[in-house]
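K.L.:
I'd like to ask you about the structure that follows.
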Amino acid sequence: EAKASYIWGALLKNIIPLIVAVPGLIAVAMFPDLADGDQAFPQLVNTLLPAGLRGLFVAAFLAALMSSVDSYLNSAATIVSNDFYVRFVNRDVSPERLLVIGRVTTLVLVAWGIGFAMFWAQSADDSGIYAIFQTLMAFFQGPALAILLLGVFWRRATGTAALTGLLTGIATAVSLYALSLPSVSAALGWNALFRIQEPFLYFSVWAFLATALVTIVISFVTRPDPVSKMSYVLVAGPRRPSSTNEESNR
């Protein structure tokens, strides 16, 4: 169940683009003369919702925002304290010390986020934070998806091939981003690599293909991982016996 939940969660994630895009399409139809795209959703809320529901909507929006932010901060603090500090600095650290490290990490990340937002608001770049965030995510989304699919569906995939493919995919996405910059295109004397202004999805697609290709090729030329190790990772592999079954067998 845990192995298949990753695939099921990814399928559910496909609903989010519809949730994001449909209100924008409705706003285009209702307010064709709206100059600022950032005002599309607020205009929809003010136009379609009565006063009471507007307040409820704002409360729900803030609750969802805080829920997402505290999840990100908690995950980041856990990674810093457990995966880095415990692993590389002090393996015998006390729980109280880890709690302090997690809190300090959270404060640093919040301060950095506020500072970055203020800096970006004052910068001359006209790209929104959403576009920048999606571009950064595009560097990893395609490669990570390729590794996940090959890892859970293909028995021959190896760890060495996965790491090499992941790095290749990230490098592919970063290279495409650099080549798509107008300044780079002008310096090289060629036309724009992509015809749209924010081609982050194209980065993900090509990075996905590069990662999958490299992972498959290297998997065939490297030693396969033991079957006992891979069987519990694959969706079609055997289920790991539960503790109850193990005790009954004893």
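When we follow the working numbering, the leftmost residue of the sequence shown carries the number 1, and every step to the right adds one.
Just so it is clear, CB atoms sit at the ideal spot from N, CA and C, and this is done for glycine as well.
Could you give the DSSP three-state label for Val93: helix, strand or coil?
P.N.:
The residue given as residue 93 occupies position 93 in the sequence shown. Val93 falls in the coil class under three-state DSSP.
K.L.:
Just the C-alpha distance for Ala186 and Thr172, rounded to the nearest angstrom, thanks.
P.N.:
Residue numbering aside, residue 186 sits at position 186 when the sequence shown is read from its first letter. Residue numbering aside, residue 172 sits at position 172 when the sequence shown is read from its first letter. In a straight line, the C-alpha of Ala186 is about 20 angstroms away from that of Thr172.
K.L.:
Between Arg87, Ala76, Tyr85, Pro95, which lies nearest to Val110 when the distance is taken from Cα to Cα?
P.N.:
For this step, residue 110 is matched to residue 110 along the sequence shown. The residue with the shortest Cα to Cα distance from Val110 is Ala76.
K.L.:
Just checking, does the region 40-53 make contact with the region 62-76 on the three C-beta pairs under 8 angstroms criterion?
P.N.:
no
K.L.:
What is the DSSP secondary structure of Ile7, counted as helix, strand or coil?
P.N.:
On the sequence shown, position 7 is the one that residue 7 refers to. The answer is helix: DSSP assigns Ile7 an H, G or I state.
K.L.:
Could you tell me which of Ala178, Val214, Trp190 sits nearest to Pro199, measuring between CA atoms?
P.N.:
Against the sequence shown, residue 199 aligns to sequence position 199. Nearest C-alpha to Pro199: Ala178.
K.L.:
Could you give the first and the last residue of the continuous alpha helix (DSSP H) run that contains Ile196?
P.N.:
In the sequence shown, counting from the first residue as 1, residue 196 sits at position 196. Counting along the chain, no alpha helix (DSSP H) covers Ile196, and no H or E run does either.
K.L.:
Helix, strand or coil for Gly268, going by three-state DSSP, please let me know.
P.N.:
The chain is shown from 1 up to 250; residue 268 falls before or after that span and cannot be answered.
K.L.:
Kindly list the residues whose CB is nearer than 6 angstroms to the CB of Gln141, restricted to its own chain and excluding five residues on each side of it in sequence; keep chain order.
P.N.:
Start at 1 with the first residue of the sequence shown, and residue 141 comes out as number 141. Around Gln141: Ser204.
K.L.:
Report the start-end ranges of each alpha helix (DSSP H) in the region 26-63 that is 4 residues or longer and not cut off at the edges.
P.N.:
40-48
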